[in-house]
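Position 110 (the sequence shown) corresponds to 110 in UniProt numbering; numbering is contiguous. In this text, a Cβ means the ideal position worked out from N, Cα and C, and glycines have one as well. This structure is a prediction, so every number in the text was calculated from the model and none was measured. For reference, the structure discussed in these notes is given below.
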Amino acid sequence: MKHIILVSHGQFASGLKSAIGVVMGMADEITALGLEEGMDIKTFREKFLEILNQIPKEDEIILLCDIIGGSPFTSSAELLRQEGFLERSLILTGMNMPVLVQLLLQKDDSALEQLKSEVKAISAGTIQIFEEESEDEDEEL
């Protein structure tokens, strides 16, 4: 089984989980943990360890982080290694909704390496720049 864990600064992880619940109704398949304002890193690590302790050692983990090098990323990756999960984990940074949707739709039918390839293939297209169309283009609609 694959478990999806979101970690971030502030409420980004829990907000993304909530948005997935609204759009896909799959929030129960996600665990979210934020390094909240006023929370020290020791408390964050303890909470992340509590999450890991609920996951069977033979299961796989997909960890999505808000930013590479941040405290949630470094602490989570270190604990994955320490608890013996790193070899069975896919760690992604720069988490966003399109990537999370893709992972939720494919995680049960794809190996971690295949998921990694899929995320690489779609990641560049997950950020779009909106540009208002000219009036001529609007008339064609």
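Asked                                                                                                                                     : Found
Is it buried or exposed, V22, if we count other Cβ atoms within 10 angstroms and call 16 or more buried?                                  : exposed
Would you mind giving the Cβ-Cβ distance between G10 and G25, rounded to the nearest angstrom? I have them listed as a contact below 8 Å. : G10 to G25, Cβ: 25 Å. No contact.
Return the CA-CA distance between K17 and L92, expressed in angstroms with no decimal places.                                             : 16 Å
Would you grab the beta carbon distance between K116 and L90 for me? Rounded to a whole angstrom, and I think it's under 8 Å.             : 6 Å
Under DSSP, the beta strand (DSSP E) around E60 begins and ends at which residues?                                                        : E60 to C65
Rounded to whole angstroms, what's the CA-CA distance from D28 to L104? Just pull it up for me.                                           : 11 Å
Using the C-alpha atoms, what's the distance from S76 back to R45?                                                                        : 7 Å
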